[in-house]
Amino acid sequence: DTAVSQTPKYLVTQMGNDKSIKCEQNLGHDTMYWYKQDSKKFLKIMFSYNNKELIINETVPNRFSPKSPDKAHLNLHINSLELGDSAVYFCASSQAGTGKETQYFGPGTRLLVL
Amino acid sequence: GQNIDQPTEMTATEGAIVQINCTYQTSGFNGLFWYQQHAGEAPTFLSYNVLDGLEEKGRFSSFLSRSKGYSYLLLKELQMKDSASYLCAVRVGDSWGKLQFGAGTQVVVTP
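Residue numbers (my numbering), protein chains in the order written: chain A, 1 to 114; chain B, 1001 to 1111.
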């Protein structure tokens, strides 16, 4: 199936641990994003990469480090997890230069930090 | 910063029409999107407006007035499956500009 996929879907971990979330898209898009959706359902942009280059870097703690090995993948590594990091993390992708540049979202990774 | 306001919740009956308003204050406006998000699922794209006017797509229509910083999403012939959160999002900047989302409007469709 053509889609944006994320692993894992659920992640439960202790405070202080380091964890990674992976995202892959097979839509042939050149731009990928990470969003965080908190308990109040606010969806906020964290990072964006275009052709493996970082183009959007919002005010995010430097414990969060995105990595894009190629334009189909964008991973998110989080160091020293804190309680406030508990949220749903969505990956998205789009194709630049199409006019709409509609962003398509992955299924989300539900992170719970205990 | 960007301010995007939409009502928190709306309730309507199956078969009825509901209009979800969204107002925004932004600089560098480059399009407005509506997404639907069912509980526990990913947001899915519904509509896009960049010019003033109405865009119709089946039971869903979206309107934009850039001078007023205003958009609405119109849902017609409501079905139970339309119960979801509807997110208004404004794109700022260039073609890969970030989307700024509103908090979402929870629509509850009752029999």
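We put the beta carbon where it would ideally sit given N, CA and C, even for glycine.
Only a predicted model underlies this, so the values are computations on that prediction, with no experimental measurement involved.
- Annotation: Cβ neighbours of Gly108(A) in chain B (cutoff 7 angstroms, chain order): Ala1042.
- For Ala1089(B), the enclosing beta strand (DSSP E) covers residues 1084-1092.
- Taking CB atoms only, Phe90(A) has a neighbour in chain B less than 8 angstroms away.
- By the neighbour-count criterion, in which a residue is buried when 16 or more other Cβ atoms sit within 10 angstroms of its Cβ, Gln103(A) is buried.
- Using a C-beta cut-off of 8 angstroms, the region 3-22 of chain A makes contact with the region 88-99 of chain A, since at least three inter-stretch Cβ pairs fall below that distance.
- For a Cβ distance threshold of 7 angstroms, nothing in chain A lies close to Ala1016(B): the least Cβ distance comes to about 24 angstroms.
- Think of a sphere of 7 angstroms around the beta carbon of Gly1104(B): the chain A residues whose beta carbon falls inside it are Lys41, in chain order.
- With at least 16 other beta carbons inside 10 angstroms of its own, Ile21(A) counts as buried.
- Leaving aside the five residues that flank Ile56(A) on each side, the residues in its chain whose CB is nearer than 7 angstroms to its CB run, in chain order, Ile45, Phe47, Ser48.
- Beta-bridge analysis with DSSP links Asn1049(B) to Leu1032(B).
- Neighbours of Lys1098(B) across chain A, judged by C-beta separation under 7 angstroms: Ile45, Ser48, Ile56.
- Assignment of Lys71(A) by DSSP, reduced to helix, strand and coil, places it in the coil class.
- Taken atom to atom, the span from the alpha-carbon of Gly1104(B) to that of Lys40(A) is near 10 angstroms.
- In the displayed model, Asp85(A) falls within a helix according to three-state DSSP.
- The beta carbon of Thr13(A) sits no closer than 8 angstroms to any beta carbon of chain B.
- For Ser68(A) and Val1050(B), the gap between their C-alpha atoms comes out near 30 angstroms.
- Residue contact check for Tyr1070(B) against chain A: no CB pair falls below 8 angstroms.
- Residues of the same chain with a CB within less than 8 angstroms of the CB of Pro1007(B), apart from the 5 flanking positions on each side, are Ile1020, Asn1021, Thr1105 in chain order.
- For His73(A), the closest alpha carbon among the candidates Lys19(A), Ser80(A), Met32(A), Gly16(A) is that of Met32(A).
- Residue contact with chain B for Gln25(A): absent (no Cβ-Cβ distance below 8 angstroms to any residue of chain B).
- Contact with chain A is found for Ser1085(B), since one of that chain's Cβ atoms lies less than 8 angstroms from the residue's Cβ.
- In terms of Cβ geometry, Gly1053(B) and Leu1064(B) form a close pair [threshold 8 angstroms].
- Against chain A, the beta carbon of Phe1063(B) has no neighbour under 8 angstroms; the closest one sits roughly 17 angstroms away.
- The beta carbon of Leu43(A) lies closer than 8 angstroms to those of Tyr35, Lys36, Gln37, Phe90 in the same chain, with the five residues before and after it left out.
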